[in-house]
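Residue numbers (my numbering), protein chains in the order written: chain V, 1 to 993; chain E, 1 to 488. All residues carry an ideal CB built from backbone N, CA and C; glycine is no exception. I have placed the structure first, in the form of structure tokens, so that the comments after it can refer back to it.
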């Protein structure tokens, strides 16, 4: 038969040329792709059929016949079926009957965040992300549909290209939470993030799915001519808000009053107190120094990120190569981040039935750490608290390291600590994934996939001899942590059409994951000078420590999905899952879910209404999943080998056995209505969910007289329920476009049961975070503060009889609030006009309470030696009896009981806020102009993060979450000198060649 | 090709079909931890490691005595929990009283586990078993004693019998908890019952260790057990027993005062010296860094503590009051090492290793035994030369008299029996010497309590002088929930 050439142009239904469309001769692997202008040319034999395929468009098959020119219009937007990544595969959203939220690369491109998980904040209904603080490298708490555990982790399972990550906070805690291992992920590599929220979506992850699953897909190449992208942004940052604290003279005046008040507090009359107090450490407001410590440790930070990548491919090979570099200097002096990431992926069709691929992405993240929160070495905390009457430098301008004897609680000063502590953390992670996929028979595909994370963390800390930590002869620390985490997944997937519109998909497979983490740590003190920076020069090795721990999981999974004409949808998912973490007899469990959907708008009877209501789909799911995020050996009775004494090795019992220990089980119901109006110009969904978690992995308190304080048991129940609403509207479609997306969710969390006889478990320094039956997890149990007694300046509390009293009694505690928002979400709005685009993204949390535990230091009407917030200035004196703040009584110097400084509702605040997370103004140059210089696309943009915040919160920044109680689930909504977030301004350019 | 690949994949998949056998590497299982002599030896070290903790023998039990007495020190630290201890206004959720409680019982459980394992293992060498059991019994006694002194509804009523001390003490725990089905919910015994149990354990420990030896350096031995027993009797004001037991130590223990008091403290030279009877080992990499004595007392560490004016003023009573005409006429220079060496610039200098904070907490040293013996001896037998000798021995070590040429002059500032016109005067002199000699070593509040004294602003037996049972315990133990101390 004769060979001849066929050519033509491929366009979409708006007439726009489509480059990179695959044009393949049916039944062969021969094919070409369209060029930039959508043109193609291919040699065919008579009788051939051409297959035109392009991602996101409907594939068309056209018999060539006698034609030599075939122009093709590929199915346009209304035909476009959104494809979402689901557990172990992909699925069109139309046939999906589970709850999946998606965040695409476009949503988060050019948004400056230090850690990728911040990009989930406010983007998906029901997904609440709270950064622990504004410190670079600080972890974030991600909660999908509430908090569903008390003792085990409530972080969702994060799976990146098939590898479930080990999420942990590592390194020196440094006063807060240490470093997030997720800091090693380069957000520029991410193509999409899917959040699986219900039991049907997550069941294939079995015993680890109860907190939801976040699937991250990284960028890969697509067929087409090479596309080169490069660009970046740069800008500066500052704190969203810094606390307002007393100046030297203000402090001095309040100090003198606090001495007199303190004496009155222990029984002196005012006149005597004044005369005696005048002799106790008086400060002269007229002459004291006034050092603005916070200003001295903060700066205008800077940020820049640059990327370059090339991707493309031909009919059988697709590739992607890229690199990213990020440099960031935080607004606290000394806090820096540098990340370099490289990524490569290749996908090859070995034959028309066999495909293989590899991706590899090494990333190195260096963070110059600072101490945080509950640490004197923390520049922010120390500057907040050190009294402003201390001078920073002497007359020659040298930093003073001994700023007076009194009021000096600690060695060093904030500025000395900032200058003379060198603290660096280096994450090096290589994520790699390789697969082989074979089409065995028509519709049956076997896939074997091996993914691994090679993770290393190195930390070096050197504190000089004048610093708080290093005094008097310097100290150093080295930490080296190593982890191999690999997953091997084998899948058989069979897709078939049974005819007459019946479609069936059957999937089965196995997944094995193994992770081993080792660490060595050494500390030393006593250096011959600050010039010696390594541990080698330490006179005294003071800590030598090691970790070696391991776990594995093995699961067998199965899935059956059926639909009839994409109208009636059913799926059944099962995973039999086991983990080394659980007791020998309880190692395996089976997790099942079912889901069903009904595309009502596809029904014939629906036809008439489609002008207004264009899409309507009802779906629901029900099933059980587990949570296995506990320690690797919690089931065993153990004696620790870290009980050496006087140089001799020792052992001591440190854990009671629990031979029954297994996963937590969450049973979740999910009912959703998806809808589209006006030919889907407005789409949205309304979802109700209810999660019942039982067999909680609970650290049940037991009498300390046993020698132990807790016993980890499967006991107790917790409920999370709520409503999620997502709305997307294309409001204007003319030359001026306006797209609006809103998501909002509610969350009701309630502890349903604890261990028999246990109704309440307290956490936190003063037991203010409670786990109490009938209350939300971590509810705040506090004595109610009632202001100031105008007669004597006493702090007043409300006792259990409802009377105002001046005695603080813990028995008067009531549930005064909880950390869960009533509703939370995000609003994303994009205006477009020609090449101009304005995007605003607001994020909000409403109805959550924050306990400012820091107030017990910074808002105590000066009861100790620490500086106070400006709001303390309206304090009671005999001449200011109508004051809002109780009489200053210095208990640290004088003694006597605290006057209002105990943990009470005085420090509980409404943490609601709405924040302009991102605003971006971008301009894409007209293609006609850029193509003249050989560039497809040039985009220039200016962007801002956290520029506006509306809140009644009294602290500097409501977006805080200190892990104070040592339990991230219970202590959410606490803050203890957590640094505010950064307000960032960036300008950038994107080029596509 | 296709089939081969399919077979390969399926067979590979079958390989990955079960979980590996993963054993912990940082811990061992409990049944192995007490199995034999070697394991029990490590368990003994582990028991001392628990005792070495900040909240047990590692510092706080010493430090809190100073905080409660609040007479020798000025505390200006920022920890609210400690401020509350100082001002006797602790709440039931005070973290320090919680930690002290928890960690003492953890140590008791470590001791009980050893006692139980030895009693149920007849294959052990008798010598090892006796020595190890003796140490564990003493540990249990030490912890119960420290607990009852802090949490008992009132202190032991000085001079009363144990039967008469019916106020609530602390739970006595003598069985180990090593499995979840062994968890118990004990109630509080009376203070007298706790003292009885403590004395019984110490007496058995003395017998066992006398016959079989005690532990190695930094561990307990029969003399440590006697020293502690003497301390228990002293707290009861049972002076006859104090005298008997301290006499045993003085005649049989082979201890001696080291030439210079500071030698007991300065880490390089003084650890486990001739004067040391019980001492908790802290090494650079074991124990610290933490909230140790050094951390709180040392001027170069947290420096939360200064020496009080009241304590500084005592120096005058020790020496100036005794400056007779002879001394004055000769222009002799009198100095007291306890003020010149162990206090510098108004700061405590007993714990001087600010770099490593590895000073050993001194639990009992020979000077205490001599002073206890002298006091008991006067109280039982009236003033006498032996008691005087011990008083002067402790005193003269630290007080130096030199002439104008700097040469030492002996004998000019010693007490003589003629200095005391009543027994009480001599007792007062011994108590004064004791306060100065043993300052910052954990005696202040307890020495007050046994004399029916109380910190300024309080009276003996006041509710505020007893710590409450920690809230955590009250919340989970229904028995103890009904037994909270009065006033909480």
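First through last residue of the beta strand (DSSP E) which encompasses residue i
i: residue 733/V; result: 717 to 733
i: residue 738/V; result: 736 to 746
i: residue 477/V; result: 475 to 499
i: residue 699/V; result: 697 to 701
i: residue 9/V; result: 3 to 12
i: residue 28/E; result: 27 to 29
i: residue 217/V; result: 213 to 218
i: residue 652/V; result: 652 to 655
Closest residue to residue i among the options (Cα-Cα distance)
i: residue 771/V; options: 784/V, 752/V, 389/V, 857/V; result: 752/V
i: residue 634/V; options: 249/V, 603/V, 580/V, 588/V; result: 580/V
i: residue 136/V; options: 274/V, 729/V, 198/V, 372/V; result: 372/V
i: residue 466/E; options: 88/E, 61/E, 34/E, 32/E; result: 88/E
i: residue 944/V; options: 987/V, 659/V, 894/V, 384/V; result: 987/V
i: residue 646/V; options: 254/E, 380/E, 51/E, 427/E; result: 51/E
i: residue 193/V; options: 239/V, 127/V, 985/V; result: 127/V
i: residue 398/V; options: 385/V, 415/V, 384/V, 382/V; result: 415/V
i: residue 785/V; options: 884/V, 906/V, 145/V; result: 906/V
i: residue 52/V; options: 669/V, 70/V, 283/V; result: 70/V
i: residue 389/E; options: 139/E, 370/E, 299/E; result: 370/E
In DSSP terms, what residue i is bridged to
i: residue 408/E; result: 402/E
i: residue 321/V; result: 310/V, 344/V
i: residue 515/V; result: 485/V, 551/V
i: residue 355/V; result: 349/V, 437/V
i: residue 945/V; result: 918/V, 984/V
i: residue 52/V; result: 23/V, 60/V
i: residue 575/V; result: 557/V, 591/V
i: residue 424/V; result: 368/V, 460/V
CB of residue i within 8 Å of CB of residue j, strictly
i: residue 439/E; j: residue 72/E; result: yes
i: residue 152/V; j: residue 180/V; result: no
i: residue 205/E; j: residue 124/E; result: no
i: residue 593/V; j: residue 623/V; result: yes
i: residue 621/V; j: residue 198/V; result: yes
i: residue 904/V; j: residue 782/V; result: yes
i: residue 378/E; j: residue 423/E; result: yes
i: residue 651/V; j: residue 265/E; result: no
i: residue 831/V; j: residue 683/V; result: no
i: residue 323/V; j: residue 341/V; result: yes
Boundaries (first-last residue) of the alpha helix (DSSP H) holding residue i
i: residue 379/V; result: 379 to 385
i: residue 566/E; result: Because chain E is modelled from 1 through 488, residue 566/E falls outside the range shown and cannot be assessed.
i: residue 74/V; result: Looking at the DSSP string, residue 74/V is not in any alpha helix (DSSP H); the run it does join, the beta strand (DSSP E), is 72 to 74.
i: residue 932/V; result: 927 to 932
i: residue 447/E; result: 444 to 449
i: residue 472/E; result: 471 to 476
Going residue by residue through the segment 85 to 161 of chain V, where are the continuous alpha helix (DSSP H) segments of at least 4 residues, counting only ones entirely within it? Annotation note: the segment 85 to 161 of chain V contains the following uninterrupted alpha helix (DSSP H) runs of length 4 or greater, listed N- to C-terminal: 105 to 108.
Report the residue ranges of all beta strand (DSSP E) runs contained in full by the segment 586 to 614 of chain V; include only those spanning at least 3 residues, in chain order. Complete beta strand (DSSP E) runs here, min 3: 588 to 599.
If you scan the segment 38 to 122 of chain E from start to end, which runs of the alpha helix (DSSP H) of 4 or more residues do you find wholly inside it? Those alpha helix (DSSP H) runs which fall completely within the segment 38 to 122 of chain E and span 4+ residues are 60 to 69, 80 to 86, 95 to 119.
What runs of the alpha helix (DSSP H), each 4 residues or longer, lie entirely inside the segment 773 to 858 of chain V? 855 to 858, all fully within the segment 773 to 858 of chain V.
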